[in-house]
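J.: First residue of the sequence shown: 926, per the numbering used here; consecutive thereafter. Each residue gets a CB set at the ideal place from its N, CA and C atoms; glycine is no exception. Would you mind keeping the following structure in view while I ask a few things?
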Amino acid sequence: MEEWYHYVLLALVGFAVGGLNTLAAGGSLLTLPMLIFMGLPASVANGTNRIAVLTQGIANVAGYKSKGKEIASPFILYLSIVATAGTLIGSNLAIDIDDSAFNKILAIVMVLIVIVMVIKPKIHINDFEELITGKRQFWGMVAFFFIGIYGGFIQAGTGIFVLLVLSSINHLTLMKSNVIKAVVMVVYTSAALILFGLNGKLDWEIGLTLASGQTLGGWLTSRWSVDKGDGIVKILLIIVVICMSIKLWFFN
């Protein structure tokens, strides 16, 4: 980026994505391809995107804690450990993959996640009893290990899968699921960021610019509410993601 307004625009996009991540998840579906379109190599864009993911996650956790939400429990600890183990595998795969191949994989993943967002059923989890011990805890940990692999590899849409697992397997409310999502992502994203950094796959100037907006957006939204309607946001996200996936597949 050569013009000052590019940094302003990046921070503003980050602010919007921070709110989106907190309300509905899926913000990296916008930021990751955007960084690629700005000219970053795919592996560098993939690593740089984690800077904003981490800072927003820390801000979200702080926001939830300030509202009295529980951010430490054995269940959260177990999920964080297995997700981190998985992300070490996924991050190593992402560091070594060819940029062109990664772009095509990202385009496919973006379309698949859009489909998941469209067809996923509405679950009235407030009517269920929480299931976070025994077999449900085990299957939740298995799911989070594979989520960690995916998150380490590409990150985009990870939050959607986290919310699906916690609602369908463990019957947690949206609020509790978002708190767990924030804590687990801080832990495993820290590990991924270290790996990308050690391999020279980070652009700190761009990453911190994006992070400044995304962190503020995420922190304000986490303090405001995660229970507001997100229908319009999802529709706009779907339209933009489809356009970006077409560009990634045919014009990169």
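Taking V1034 as the reference, which of K1126, I1085 and F1063 has the closest Cα?
T.: If we check each option's Cα against that of V1034, I1085 comes out closest.
J.: Around the Cβ of Y930, are there at least 16 other Cβ atoms within 10 angstroms (buried) or fewer (exposed)?
T.: Burial call: exposed.
J.: Once you ignore the five residues that flank L1133 on each side, which residues in its own chain have a CB closer than 7 Å to its CB?
T.: Taken in chain order, the residues that qualify are I976.
J.: Looking only at C-alpha atoms, which of G1011, I1105 and G1122 sits nearest to K990?
T.: Answer by Cα proximity: I1105.
J.: List the endpoints of the continuous alpha helix (DSSP H) containing S1016.
T.: Element bounds for S1016: P999 to D1021.
J.: How far does the alpha helix (DSSP H) with T980 in it extend, from its first residue to its last?
T.: Note, T980: alpha helix (DSSP H), A967 to S991.
J.: With the cut-off set at 9 Å, would you say G1143 and Y1113 are in Cβ contact?
T.: Cβ distance not < 9 Å, so G1143 and Y1113 don't count as in contact.
J.: What is the residue span of the alpha helix (DSSP H) that T1178 lies within?
T.: Nothing can be reported for residue 1178, as the shown portion of the chain is limited to 926 through 1177.
J.: Do you know how far the Cα of N1103 is from the Cα of A1059?
T.: A quick correction: the sequence has Gly, not Ala, at residue 1059. Each residue's Cα considered, the two are about 22 Å apart.
J.: From the DSSP output, in three-state form, read off A1081 for me.
T.: Coil at A1081, not helix or strand.
J.: DSSP three-state label for L935, please.
T.: In this structure, L935 counts as helix in the three-state DSSP scheme.
J.: Check this for me: beta carbons of L1123 and T973, under 9 Å apart or not?
T.: Contact: no.
J.: Based on Cα-Cα distance, which residue from L1141, L1135 and A1068 lies nearest to L935?
T.: With distances taken between Cα atoms, L935 lies closest to L1135.
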